[in-house]
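Here the structure comes first, spelled out in structure tokens, and everything after it is commentary.
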Amino acid sequence: MKKLLVLTLVVFMIAGGLFAQGGKEAEAAASDGKITLTVWQDNTTPDRQAHLEKTVADYMATHPNIDVKVTSLPNSAADKMMVAFAANQGPDIYFSSGPEVSDWVEAGYIIPLDEYVEKSFVKDRLLPQSIADVKSKDITGQDRIWFLPLGTAFYVLWVRPDWINAVGGKSDTWDNLFDAIPKMTDKSKDQYGLAIRGGKGSVTFLERMMYSYSGIDSVFIDGKCTINDPKNVEFVDRYSKMYNVYTAEGDLNYGWTELSAAFDSGSAGVIIHNLGSGDNHVKAFNNDLTKFEAVPLPVGPYTGKITTQFQQEAGLVISKTCKHPDEAFELGSYLATGASVSGFCRMYGLVPVDKEVLAKDAWLKDLPWYDMASKAMLSDNIVFYNYYSWLPGKNKVYQDLVPDFQQVLVGKLSAQDFLDDWAGRFQKLYDEFYATKK
Amino acid sequence: MRRKRIFAYFLIFPTLFFLGLFCFYPMIRGFLYAFTNMERTRPLRTAFIGLGNFKDIFTNDKVFYGTVSVSVRWVITEICCQLVFGMCFALILNCRFRFRGVVRTLCFAPWAVSGALTTILWFLIYNEHIGLVNQFLSYIGQAALRKAWVQNITTVFPAVALAELWRGIPFFTITLLGGLQGIPVELYESAKMDGGSDWTNFWAITLPFMKESIVFAALMRSIWEFRSVDLIMTMTDGGPMRKTLTLPIYMYQESVVNGRIGYGAALTIILFVILTVFVYIFLKANQFGKGVND
Amino acid sequence: MKQKTKNNLARFFVLYIPLFLFMAFIVFPLLWAMSLSFRDGASIISKEFRFLPKSFMIDNYRYVWNTVKLSQFFKNSLITSFGCVFFVGLMSLMNGYALSRIDFGFKRPFMIILLMTQMVPMVFNISAIFILMTKLNLNNSLFGIILLHIAASLPYNSLMMKSFISGVPREIDEAASLDGCTQVQTLWHVILPAVRPGFVTVIAYSFITCWNEYLVSYTLLTDASKFPISVGLKYLQGEFSTDYGALAAGCVIALIPPVLLFAYVQRHLVEGMNAGAVKG
């Protein structure tokens with residue numbers, strides 16, 4: 003009995019001792035006149051981490067009074083950020099491929115940056131349409147800048163030019179593509195003209211393709227949702243009818259991993275994604291450019307223009323708990339421009355919005371898909387449709403509709419009913435949002 | 025006797041402290057959210073709505089009942105298979121044979137393997153185009169049998185169940201093996217002298233002694249399987265068409281992905297209640313708590 | 028003579044064939060994982076039906092250990108897992124003994140409490156836990172992670188110990204106290220050796236749970252150098268691509284400590300009780 007008592011006491015003493023250690027680290031900083039800033043980055047891979055660390059090291063060399071602590075997080079860190087911010091333990095700067103800006107603005111976790119931007123070189127460095135886009139996404143309706151954009155995603159179709167040429171087809175318009183796909187399919191060789199993303203993320207991508215076909219320039223026109231416009235229905239109908247006829251059976255629940263496996267292993271002729279997977283395909287096809295190519299979203303039969311999203315989701319935010327916002331912004335503007343953002347975009351598959359980078363950097367011209375993307379984005383023949391990215395609750399609708407889209411693919415639900423349901427849900431979100439704004 | 029009782033409280037005190045702080049306190053806080061309409065995307069609109077979430081779940085939610093049914097099917101399939109096969113292999117590993125130690129260690133490995141590896145392994149086995157199964161079928165000339173194992177509506181459930189069995193059977197095997205080792209050898213020896221065969225020995229000696237272990241392992245594993253998320257979610261994300269959408273995955277999608285924390289917490293409470301009822305019935309049916317010292 | 032061959036034949040069918048099939052089922056994916064770890068990422072995605080790699084390149088291992096800094100994560104995991112196992116082993120033994128051997132008023136509620144904690148995974152309360160850990164100054168500390176793991180593993184292992192200890196006849200306890208042992212001595216010197224197989228299972232189970240735990244560690248730790256290996260492996264699963272070869276190599280490395288631990292302790296899964304304890 004006594005022995006056990008002693009043992010327990012010892013254990014608790016050790017525990018107590020270690021207890022104290024956890025908190026000590028927090029006090030160690032800021033005692034030697036240096037300013038410490040914490041930077042977090044998400045979706046990190048070893049390459050991305052190395053790049054950020056080098057960038058930060060260069061910055062610290064020219065700013066000796068600033069100590070930057072970098073934490074590179076693997077995977078998407080949305081939940082981690084939410085938990086951290088809720089407990090006021092978030093980083094000073096969050097450098098992310100997709101920060102949940104609207105949520106954080108509403109919850110008051112981040113600070114607005116427009117005053118800083120006005121006084122900084124950033125104002126003239128970024129493309130004007132980029133800044134305008136950021137302002138338009140302000141959920142408080144005040145046209146403020148809540149994040150520094152890092153680049154835009156550009157959605158493309160990755161296609162097999164060798165297959166398309168072999169059947170004498172083209173990928174510039176949807177009609178031509180729908181013609182070519184059946185000819186490219188050879189089930190006995192496990193080759194399918196198209197791979198449909200039917201699983202996670204399917205509906206988000208479907209919307210992009212729909213609008214590129216129909217050419218409609220906004221998800222809401224005059225307060226009414228255009229999702230179930232007859233032109234959109236036509237697309238979903240034509241597209242979904244290809245399932246299991248000119249596509250593999252498995253497409254029903256394909257997420258990105260399966261889709262990329264299908265394309266890279268030579269089973270699929272056409273997939274939709276962004277520029278980020280370029281490196282994958284280079285590796286898979288041994289840089290043989292006759293075997294893979296990125297083309298912009300094809301033109302639909304109605305407007306003759308490329309219709310796509312101007313999607314600036316990668317961004318840099320500064321949190322409210324940051325004790326040195328001025329220095330943080332200076333670091334932030336360094337990270338969001340020049341060599342830093344150039345490397346970031348290259349690895350995250352984004353087209354930079356820094357004018358100097360766009361004009362000068364070699365990789366944008368060397369990699370054919372970036373060259374194509376930057377030319378397309380600056381051309382006259384492109385329309386960016388308003389996809390209401392800031393509307394709260396959209397993500398849930400996309401998530402909930404995935405099984406319904408699967409029903410459309412197997413023919414149990416008509417495209418019309420599916421889109422009517424989708425439009426109804428979006429309309430509800432829209433009405434709710436504007437009702438609370440009054 | 026009193027001394028003994030005080031000793032007992034002394035023994036369990038550290039555990040109570042730990043659990044109280046790290047389990048119950050967060051759990052209750054989480055449960056409180058169930059009575060609000062808190063959503064991550066609209067945190068300023070949070071309000072107390074009493075039983076509103078529960079009403080929604082039971083009357084408006086088309087998906088909820090389906091998930092319960094999938095979860096129940098999942099647990100029954102997994103536990104039955106894992107228990108039966110686990111028991112067989114525990115018996116086998118209980119015998120003496122060469123390299124028994126090596127075999128046991130290898131048997132432990134699937135259980136020790138991280139979720140990340142399990143997922144990619146089975147992805148690379150089941151994938152329609154590059155997976156081992158389909159490649160093998162083509163190789164032996166049976167290309168017609170190729171299927172999208174994890175996407176086809178009929179094969180998805182068995183395919184994912186098999187992947188989980190790979191991890192689950194070793195767990196049962198090792199746990200039951202531990203129990204088998206506790207059975208006194210003399211019982212078998214005296215039974216042999218009485219002329220009993222292996223088969224009757226199993227039912228007369230082994231099972232009764234193992235009863236508590238089996239009941240316990242089956243119960244705990246059922247609870248674990250009922251709320252397990254990682255394998256199914258990474259393999260199918262609950263699809264296709266919600267065929268593998270279990271209640272915990274639905275909970276995860278609602279609270280974490282969609283940010284409807286209040287709703288998700290209500291689902292958590294329902295999960296908790298279901299499990300409590302199940303445990304109660306299970307224990308009553310097996311008269312848990314009584315030792316086997318005959 | 029005939030009986031012996033008959034026995035051998037029976038043994039062959041009843042023992043060796045099922046054993047072989049079982050091992051094939053278990054071991055095949057593992058062997059394949061090892062084969063993947065020696066291959067280059069691009070070849071894994073290709074359609075060639077290949078089981079053995081063309082050549083055994085250990086680049087994946089070198090890459091993962093050095094560049095991805097898996098060595099650091101490995102060390103962190105060892106700290107958290109061994110720390111957790113130590114406390115869980117001790118405390119579950121204490122609880123198991125109390126539940127099995129002593130009749131006290133709080134017994135049933137205690138068992139119910141233990142069961143109840145199992146029904147909601149810690150992940151769903153992660154926000155509340157994070158705030159709690161922050162208040163205790165334990166966020167971003169490995170020690171905090173150890174504490175949470177203990178809380179997570181304790182209920183199951185306590186109940187497991189209870190059923191193992193229940194399998195030890197009470198006569199042993201009585202014999203020991205007749206010999207003049209105190210409660211603690213009985214627990215330590217008599218019961219513990221008797222439930223060695225059970226104790227081994229508890230150690231194995233709690234180690235695995237800690238070693239592979241991902242979500243709580245990921246959310247609570249803000250310093251990347253403190254990540255355990257389960258989180259570290261996620262670096263290899265990029266946004267657009269997964270480096271299958273490197274991931275397989277990393278997982279094989281991650282597999283080594285649990286397997287070694289188990290190889291060491293499994294010899295305690297020995298047959299039969301020490302029958303000599305009761306006689307005489």
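Chains as they are written, first to last, in my numbering: chain A, 3 to 440; chain B, 25 to 318; chain C, 28 to 307. Note that beta-carbon positions come from the ideal geometry of N, C-alpha and C, so glycine has one too. Just so it is clear, the structure is predicted and the values come from calculations on it, not from any experiment.
Is it buried or exposed, residue i, if we count other Cβ atoms within 10 angstroms and call 16 or more buried?
| i | result |
| --- | --- |
| C/ASN152 | buried |
| B/ARG245 | buried |
| A/PRO232 | exposed |
| C/PHE100 | buried |
| C/HIS216 | exposed |
| B/THR224 | exposed |
| C/TYR183 | buried |
| C/LEU339 | Absent from the model: residue 339 of chain C. The displayed extent of chain C is 28 to 307, so no value can be given. |
| A/VAL70 | buried |
| C/GLY116 | buried |
| A/VAL127 | The sequence given here places Arg at residue 127 of chain A; Val does not occur at that position. So A/ARG127 ends up on the buried side. |
| B/CYS104 | exposed |
| B/ILE144 | buried |
Helix, strand or coil: which one does DSSP assign to residue i?
| i | result |
| --- | --- |
| B/GLU152 | coil |
| A/TRP160 | strand |
| C/TYR241 | coil |
| B/CYS119 | coil |
| B/ASN176 | coil |
| C/SER257 | helix |
| C/CYS208 | coil |
| B/GLN106 | helix |
| A/TRP365 | helix |
| A/SER321 | strand |
| A/GLN91 | coil |
| C/ALA302 | In this prediction, C/ALA302 scores a pLDDT of 33, lower than 50, which makes its location untrustworthy; the coordinate-derived value is nonetheless stated afterwards. In the structure shown, C/ALA302 sits in a helix (DSSP, three-state: H, G or I). |
| A/ASP135 | helix |
| A/GLY25 | Unreliable positioning characterises A/GLY25 in this predicted model, as indicated by a pLDDT of 41, which lies under 50. The coordinate reading is nonetheless provided below. Of the three classes helix, strand and coil, the one that applies to A/GLY25 here is helix, per DSSP. |
| A/GLU120 | helix |
| A/TYR194 | strand |
| A/HIS65 | coil |
| A/LYS226 | strand |
| B/ILE164 | coil |
Starting from the C-beta of residue i, find all residues in its chain whose C-beta is less than 7 Å away, skip the five residues before and the five after it, and write them out in chain order.
| i | result |
| --- | --- |
| A/SER262 | SER279 and ASN282 |
| B/THR260 | VAL174, VAL180, VAL184 and THR268 |
| C/LEU46 | none |
| A/GLY200 | ASP253, LEU254, ASN255, TYR256, PHE407, GLN408 and LEU411 |
| A/GLY25 | Residue confidence is low: A/GLY25 scores 41 on pLDDT, short of 50, so the model does not pin down where it sits. Its coordinate-derived value is still stated next. Nothing listed; no residue qualifies. |
Considering only residues of the same chain and omitting the five flanking positions on each side of residue i, which have a CB-CB separation below 6 Å?
| i | result |
| --- | --- |
| A/VAL385 | ASP219, LYS307 and THR309 |
| A/TYR372 | LEU366 |
| C/LEU126 | LYS189 |
For residue i, collect the residues of the same chain with a Cβ closer than 8 Å to its Cβ; drop the 5 residues on either side in sequence, then sort them by chain order.
| i | result |
| --- | --- |
| A/TYR387 | TYR213, ILE218, ASP219, SER220, VAL221, THR309, THR310 and GLN311 |
| A/ALA32 | Residue confidence is low: A/ALA32 scores 46 on pLDDT, short of 50, so the model does not pin down where it sits. Its coordinate-derived value is still stated next. So the qualifying residues of the chain are THR38. |
| C/LEU288 | ILE230, ALA231 and PHE234 |
| B/ILE177 | PRO264, MET265 and LYS267 |
Residues in the stretch 288-303 of chain A with C-beta within 7 Å of chain C's C-beta atoms, listed in sequence order? none
Is it a yes or a no for the stretch 279-287 of chain C touching the stretch 263-276 of chain A, going by three-plus beta-carbon pairs under 8 Å? no
For the pair the stretch 28-45 of chain B and the stretch 120-131 of chain C, tell me if three or more CB-CB distances fall below 8 Å. yes
Is it the case that the stretch 107-117 of chain C contacts the stretch 170-180 of chain C, given that we only count it when at least three CB pairs across the two stretches are under 8 Å? yes
Give me the subset of the stretch 257-272 of chain B whose CB atoms are less than 7 Å from a CB atom of chain A, sorted by chain position. THR260, ASP261, GLY263, PRO264, MET265 and ARG266
Taking contact to mean at least 3 C-beta pairs separated by less than 8 Å, is the stretch 198-208 of chain C in contact with the stretch 216-226 of chain B? no
Given 8 Å as the limit, is there contact between the stretch 165-173 of chain C and the stretch 246-256 of chain C, that is, 3 or more CB pairs closer than that? yes
Give the residues from the stretch 366-390 of chain A that approach chain B closer than 9 Å (Cβ to any Cβ), ordered along the chain. none
Is it the case that the stretch 64-82 of chain B contacts the stretch 277-295 of chain B, given that we only count it when at least three CB pairs across the two stretches are under 8 Å? yes
What residues from the stretch 130-161 of chain B come within 8 Å of chain A, judged by C-beta to C-beta, listed N to C? PHE147, ASN151, GLU152, HIS153 and ILE154
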